[in-house]
Amino acid sequence: MSQRHIMIILIIVIVIGGGIYAFKQLIPPAETEAIGPLYSTQPVTRGDISVGVYATGSLDPSQGGGIRVPGTYESTRINYIIEEFYVKDGDEVSKGQIVAKLRAPDLKLQIESMEEKLASDREFLSELTDTPIEQLYRLNPAQGITLKAPIDGRVVGLDINEGDELRQGQIVARVVDDSKFKIKAKLMPNEYKLIEKHQPEKMLLNFLQFDGFVEAKITHINPNPILDVDHESESKIRTNYVYWVTLEAENPGLAYPGMALYVGMPQKDNKEVIWFKNQTTVDSYLKEERVISRAEGLVTKIYVHEMEMVAAGDSIVSLAGSDVQKEIQERLDRIQEAEIELRQHYAKFNELEIKSPMDGIVAGLYREIDETVGSGEWIGHIYNTENMRMWVQVDDVDVLYVKQGSPVKVTVEAVPGEVFEGEVTHVSTMGEDVKGIPRFGVNIEVKGGPQLRPGMQAQAFIDAGSAENVLLVPVEAIFEEDGKPMVEVLNPDGTIKVVPLTLGLMNDRYAEVKSGLEEGELIVTGSTADLLPSQKIQSPGGGILPDKPADNDNNKPEENTPQKSQN
Numbered sequence: 308m309s310q311r312h313i314m315i316i317l318i319i320v321i322v323i324g325g326g327i328y329a330f331k332q333l334i335p336p337a338e339t340e341a342i343g344p345l346y347s348t349q350p351v352t353r354g355d356i357s358v359g360v361y362a363t364g365s366l367d368p369s370q371g372g373g374i375r376v377p378g379t380y381e382s383t384r385i386n387y388i389i390e391e392f393y394v395k396d397g398d399e400v401s402k403g404q405i406v407a408k409l410r411a412p413d414l415k416l417q418i419e420s421m422e423e424k425l426a427s428d429r430e431f432l433s434e435l436t437d438t439p440i441e442q443l444y445r446l447n448p449a450q451g452i453t454l455k456a457p458i459d460g461r462v463v464g465l466d467i468n469e470g471d472e473l474r475q476g477q478i479v480a481r482v483v484d485d486s487k488f489k490i491k492a493k494l495m496p497n498e499y500k501l502i503e504k505h506q507p508e509k510m511l512l513n514f515l516q517f518d519g520f521v522e523a524k525i526t527h528i529n530p531n532p533i534l535d536v537d538h539e540s541e542s543k544i545r546t547n548y549v550y551w552v553t554l555e556a557e558n559p560g561l562a563y564p565g566m567a568l569y570v571g572m573p574q575k576d577n578k579e580v581i582w583f584k585n586q587t588t589v590d591s592y593l594k595e596e597r598v599i600s601r602a603e604g605l606v607t608k609i610y611v612h613e614m615e616m617v618a619a620g621d622s623i624v625s626l627a628g629s630d631v632q633k634e635i636q637e638r639l640d641r642i643q644e645a646e647i648e649l650r651q652h653y654a655k656f657n658e659l660e661i662k663s664p665m666d667g668i669v670a671g672l673y674r675e676i677d678e679t680v681g682s683g684e685w686i687g688h689i690y691n692t693e694n695m696r697m698w699v700q701v702d703d704v705d706v707l708y709v710k711q712g713s714p715v716k717v718t719v720e721a722v723p724g725e726v727f728e729g730e731v732t733h734v735s736t737m738g739e740d741v742k743g744i745p746r747f748g749v750n751i752e753v754k755g756g757p758q759l760r761p762g763m764q765a766q767a768f769i770d771a772g773s774a775e776n777v778l779l780v781p782v783e784a785i786f787e788e789d790g791k792p793m794v795e796v797l798n799p800d801g802t803i804k805v806v807p808l809t810l811g812l813m814n815d816r817y818a819e820v821k822s823g824l825e826e827g828e829l830i831v832t833g834s835t836a837d838l839l840p841s842q843k844i845q846s847p848g849g850g851i852l853p854d855k856p857a858d859n860d861n862n863k864p865e866e867n868t869p870q871k872s873q874n
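The sequence shown begins at 308 in my numbering and counts up by one.
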C-alpha cells in the first residue's frame with residue numbers, strides 16, 4: 308500500500324472519530340431513570356427599596372444681580388467718575404453694602420442751568436396768563452392768556468376789536484417809548500468831510516411842521532459811500548454818492564415817525580448853522596417793542612386804547628380758545644416735567660455711592676477707577692450661592708422616573724462629605740438627539756452654601772421614590788404574559804404555578820410586590836429546563852445554577868439597593 312493511500316485512510320478515521328465524539332456530547336445517552344427539571348429559587352423577602360436617577364452637570368447661580376450706577380438709561384444723562392472701589396472679585400457682600408464711590412463734577416452746573424430755565428418758564432407763563440408764579444399750579448388753561456406791554460411806552464397800531472380772531476404770530480400792536488426818536492440821514496461827500504473834520508458834539512434838527520430847533524447827536528456814521536439814485540422826473544435821473552449817518556434826539560412831544568426835517572451842523576459860535584442838502588424823516592422811536600399773539604384765539608377783552616401810555620407788564624389784550632388752552636397746557640406740562648427732573652438731579656447728590664443689591668459674592672468688576680460711567684450702567688456682577696441650579700440631561704428610559712417636584716441630593720467633588728438638598732423644577736417634554744440617544748433636559752434648584760462656586764461639577768441623585776419593609780423579588784424572576792407581570796412559584800410538592808403580580812417600585816435588582824405573593828414563598832429564578840441537552844448540573848462553583856446558600860445566608864436583598872444611574 309502506498310503512502311498516499313495511508314494518508315487518505317488516516318484522514319477518514321479522524322473525521323469519523325470526531326463526528327462520533329461530537330454526537331455523544333450533544334446527545335447524551337438515555338437515562339435509565341427519568342427525573343424532572345431542577346429549579347433555582349429565591350424566597351420572597353421584606354426589605355427597603357429606593358429608585359432614582361443619577362445625573363451630572365455644572366452648578367450655576369439661580370440668583371444674581373448687577374452692580375449698577377444709580378438711575379436709569381432713560382433719565383437725563385449724568386456722567387459720573389469712579390472714585391474708589393471698596394470690594395474686589397470674590398468678596399462676600401451683604402445687601403445695601405457700599406461697594407464703590409462716585410463723583411459728578413458737572414452735576415452742579417446742570418442743576419444751575421435747569422433752575423434758570425425753569426424760573427424763566429415760570430415767569431413767562433405767569434405773565435402770559437396774568438397769574439402769580441406761586442399760583443401757577445392752580446392755573447386753569449381754559450381761562451386763556453393775556454398779552455402784556457413789554458416796555459413802558461405808548462400803544463400804537465392797535466386795530467382790533469373784541470371777538471376778532473387772531474392768528475399765531477400776528478402783530479397786535481406796538482408799544483413805543485416816544486421820549487426819544489431816531490433819524491437816518493444822507494450826507495453828500497462835502498457834508499461828510501465837514502462832519503469828519505469838525506466832529507460836532509451836537510446837531511440841529513429843523514422840522515417843517517413846527518418852529519424851533521431840536522438838538523440831536525450822531526450815534527453812527529457809515530464811512531463807506533453808497534450810490535444814491537434820485538428820480539427828479541420821469542426822464543431825468545440823478546446819481547450821487549452819499550454817506551449814511553444815524554442820529555438820536557429827545558422828543559419834544561410833537562415828533563413821530565415819518566415827520567419831515569432837515570439836519571444842520573452848528574458852527575462853533577452857535578451863531579450860524581450849515582444845513583445839509585437832503586431832506587430826511589424821523590425813522591422810528593428809539594425804543595419800540597411789538598405785542599405778538601402767541602397762539603390762535605379769539606379776542607375776549609381789550610384793556611387799552613390807541614396812543615394810550617402803558618407801563619411794562621400792563622395788560623393789552625386777552626385771548627381764549629382751544630389753541631390758547633393747548634398752548635397753556637403744554638407750557639404747564641413742560642414746567643412740571645422740569646420740576647420733576649430738577650428734583651431727580653438733586654437726588655443724585657445722594658446717589659454717589661453704589662450699593663450691593665443683594666447678599667452674595669462679587670463675581671466681577673468691569674470698570675476701573677477714574678473711568679467715566681453713566682446712569683444705570685452696569686459696572687459689576689454679584690451672585691448668590693445660597694440658591695444654585697443645575698441643568699442635566701437624562702435618557703428616554705430614566706426620564707420616566709423624573710417628575711417635577713422630585714427631591715434631589717447633590718454632591719460636589721470639590722466639597723467632599725457634603726450633601727446639598729435640591730428639587731426638580733422642570734422636565735423637558737421633548738428630547739433631543741445626542742449621539743444617537745434621546746436626551747431630556749432637567750432643571751434642578753439646589754440649596755447651596757458659601758463654599759460653592761459657579762461652574763463646579765456636581766452629581767445629582769433624583770429620588771423617584773422609596774419604600775420600607777415591603778415585599779421584594781429579584782427582577783430576573785419577573786416575566787410578562789398578556790401584558791401582565793408574572794412569576795413562577797415553586798410549590799412544596801415540587802410543582803410550579805404561575806402567579807400574576809401587582810408591582811410597585813422597581814430598580815435594577817429588585818421590584819416591590821404590592822399583591823400576589825406572601826413572604827417566604829419560593830419564586831423560580833432559573834431551572835435545568837433552560838439548559839442545553841448536553842449541559843449538566845455540576846459541582847458547587849462550576850454549575851450553571853446558583854450554589855445552595857449557606858445556613859447563615861438569609862438570602863435577603865441589601866437594605867440600600869443600587870439605583871438606576873445616568874452619567
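We treat Cβ as the ideally placed atom computed from N, Cα and C, and that holds for glycine. Values in this document were obtained by computation on a predicted structure and should not be read as measured data.
Taking C-alpha positions only, ASP518 is separated from ASP590 by approximately 20 Å. Unbroken alpha helix (DSSP H) stretches of 4 residues or longer found wholly inside the stretch 574–607: none. Taking C-beta atoms as the reference points, GLY667 and ASN691 count as a pair closer than 8 Å. In terms of Cβ geometry, VAL536 and THR546 form a close pair [threshold 8 Å]. Short of 6 Å from the beta carbon of GLU596, and not among the five residues preceding or following it, lie these beta carbons of its own chain, in chain order: PRO457, ILE458 and VAL482. Under a 10 Å Cβ-count criterion, ALA765 is classified as buried, with 16 or more other Cβ atoms of the shown protein chains found around its own Cβ. Contact fails between the stretch 420–439 and the stretch 688–703, because fewer than three Cβ pairs, one in each stretch, are under 8 Å apart. Shown here for LYS455: same chain residues with a beta carbon closer than 7 Å to its own, the five before and five after excluded, namely GLU434, GLY620, ASP621, SER622 and ILE623 in chain order. In this structure, the straight-line span from the alpha carbon of VAL726 to that of MET763 is close to 14 Å. Just measuring C-alpha positions, the residue of ALA567, LEU409, GLY359 and LYS716 sitting nearest ASN513 is ALA567.
In this structure, the alpha-carbon of GLN643 lies about 30 Å from that of VAL479. For the pair of segments examined, the stretch 348–367 was found to touch the stretch 808–827: the number of CB pairs separated by less than 8 Å reaches three.
The three-state reading of DSSP puts PRO350 in strand, counting E and B together. If you draw a 10 Å sphere on the C-beta of GLN574, you find fewer than 16 other C-beta atoms in it, and that means exposed. PRO412 is classed as exposed because its beta carbon has fewer than 16 other beta carbons within 10 Å across all chains shown. In this structure LYS578 is exposed. Its beta-carbon is surrounded by fewer than 16 other beta-carbon atoms within 10 angstroms. Assigned with DSSP and collapsed to three states, ARG816 falls in coil, not helix or strand. DSSP lists no beta-bridge partner residue for PHE517.
Assigned with DSSP and collapsed to three states, PRO448 falls in helix.
Exclusion of the five residues before and after TYR548 leaves PRO496, PRO532, ILE533, LEU534 and ASP535 as the residues of its chain whose Cβ lies within less than 8 Å of its Cβ. Note: PHE488 is bridge-paired with ALA556 and TYR592 in the DSSP secondary-structure output. Taken through DSSP and simplified to helix, strand or coil, ASP640 comes out as helix.
Positions of the beta strand (DSSP E) runs, each at least 3 residues long and wholly inside the stretch 702–777, are given as 714–719, 722–734, 739–741 and 744–754 in order along the chain. Within the same chain, GLN475, ALA602, GLU603 and GLY604 come within 8 Å of ASP630 by CB-CB distance, once the 5 residues on both sides are set aside. For GLU430, the number of other beta carbons within 10 angstroms of its own is below 16, and it is reported as exposed. Excluding sequence positions up to five before and after GLY683, its CB lies within less than 7 Å of the CB of ARG375, VAL376, GLY378, THR379 and TYR380, all in the same chain and listed in chain order.
The three-state secondary structure of GLY464, taken from DSSP, is coil.
Counting only residues of its own chain and dropping the five nearest sequence neighbours on each side, ILE661 has a CB closer than 8 Å to the CB of ILE374, ARG375, VAL376, PRO377, ILE405, VAL406, ALA407, LYS408, LEU409 and ILE686. It is roughly 20 Å from the alpha-carbon of ILE528 to the alpha-carbon of VAL580.
Distance from the CA atom of TRP582 to the CA atom of VAL617, rounded to whole angstroms, is 37 Å. Shown here, GLN651 sits in a helix according to DSSP, grouped into three states.
By the Cβ criterion, the stretch 364–372 is in contact with the stretch 667–677, since at least three pairs of Cβ atoms, one from each stretch, lie closer than 8 Å.
A distance below 6 Å between beta-carbons, with the five flanking residues on each side excluded, links SER822 to the following residues of its chain, in chain order: THR809.
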